[in-house]
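Here the numbering used here = 1-based position in the sequence shown + 4.
The structure appears below as structure tokens.
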Amino acid sequence: MEKLNVVLIDDENLALELNSRYVSNCAELNLCGKFKNPLDAIAYINANPVDLIFVDIEMPQLKGIDLVKQLNKKPAVVFCTAYSEYAAKAFDLDAVDYLVKPFGFERFLRSVEKVKEYYEIRKSKDHEKESEISNDKGFLVIKADHKMVRVPFNEIIYVEGLGEYVKIICENSKYVTFQRMKIMEEMLPASNFKRIHKSYIVSLAHIQSMQAHSLVMKGGGMVQVSRDKKEELVKLVFKNG
């Protein structure tokens, strides 16, 4: 998962400094701003890519709950306050978590884990929608080289998993995009593509030949086949051979 851009908002210097130290000790987080003035925070969040805010509720200029209502963008929100009675209102605004001051680093980390789960769920739902659209349109929509690209299904030869990224090999091009193989498998039509290995998804139409434990794809690319997938693949692709 890419680092989350974090903004801290609190009218108390001590709270800001403590939370800043917590953020700096989390490899998953990138502190991009901290504000005592909630109005300055609103302006910054509305103008910049922010994934997560830790915001105090009781502030003299503007309550944290009212601040969240004024945001044009909707990052994940974690409220921080010494007053537990605001919890119901906070969760009405779909807050990911609610931290009651004082809280330690361990509790802060649990909050970060909740935020990561929140984004995983949201990402999964987004990809479900993308999958439905892609299957109807006959192409994938991916982000590669800082731009959105349409990749027709019939041009994809195979997909290779690279950890949290995938490499899509096409007839005349290659793309690397931030995506997990499991999600990519769901986005490709099952009638045309097959997961043959933990690291490979192939287009059935572009398989040229099969060797002991590998496939020769169109263009000469070689991909591995898992032992437990080999028999099924032979029946599926070479059933008339």
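Quick reminder that beta carbons are idealized off the backbone N, C-alpha and C, glycines included.
Could you pull the DSSP bridge partners for residue i from this structure?
{"i": "phenylalanine 143", "result": "Pro156"}
{"i": "asparagine 41", "result": "Paired residue(s): none; asparagine 41 is not in a bridge."}
What did DSSP end up calling residue i once you bin it into helix, strand or coil?
{"i": "asparagine 23", "result": "helix"}
{"i": "glycine 245", "result": "Low per-residue confidence applies at glycine 245: pLDDT is 46, beneath 50, and the placement is therefore not dependable, though the value from the model is reported in the following sentence. DSSP places glycine 245 in coil when its eight states are reduced to three."}
{"i": "histidine 210", "result": "helix"}
{"i": "isoleucine 61", "result": "coil"}
{"i": "valine 34", "result": "One point to set straight first is that residue 34 is asparagine, not valine, in the sequence displayed. Of the three classes helix, strand and coil, the one that applies to asparagine 34 here is strand, per DSSP."}
{"i": "valine 82", "result": "strand"}
{"i": "lysine 151", "result": "strand"}
{"i": "lysine 233", "result": "helix"}
Please name the residue, chosen from the options, that lies closest to residue i on a Cα-to-Cα basis.
{"i": "alanine 45", "options": "Tyr26, Leu66, Arg25 and Leu33", "result": "Leu66"}
{"i": "isoleucine 161", "options": "Ile200, Asn23 and Gly223", "result": "Gly223"}
{"i": "alanine 47", "options": "Met63, Leu71 and Val27", "result": "Leu71"}
Mark residue i as exposed unless 16 or more other C-beta atoms lie within 10 angstroms of its C-beta, in which case mark it buried.
{"i": "leucine 80", "result": "The displayed chain sequence assigns alanine, not leucine, to residue 80. The residue in question, alanine 80, is buried, as its Cβ has 16 or more Cβ neighbours within 10 Å."}
{"i": "glutamate 6", "result": "exposed"}
{"i": "glycine 245", "result": "Note on glycine 245: pLDDT 46, under 50, position unreliable in the model; the coordinate value appears next. With fewer than 16 other Cβ atoms within 10 Å, it is exposed."}
{"i": "proline 53", "result": "exposed"}
{"i": "tyrosine 38", "result": "According to the sequence shown, residue 38 is lysine rather than tyrosine. Under this definition lysine 38 is a buried residue."}
Would residue i and residue j be called neighbours here (beta carbons separated by less than 8 Å)?
{"i": "serine 24", "j": "leucine 35", "result": "yes"}
{"i": "serine 218", "j": "valine 227", "result": "yes"}
{"i": "lysine 198", "j": "leucine 166", "result": "no"}
{"i": "valine 153", "j": "tyrosine 179", "result": "yes"}
{"i": "valine 104", "j": "leucine 56", "result": "no"}
Any chance the CB of residue i is under 7 Å from a heavy atom of the ligand FAD?
{"i": "valine 119", "result": "Only the bare structure without any ligand can be found here, which leaves the ligand FAD out of the picture."}
When you compare the CB of residue i with every CB in chain B, is at least one pair closer than 8 Å?
{"i": "valine 145", "result": "No chain B appears in the structure shown, which is made up of a single protein chain."}
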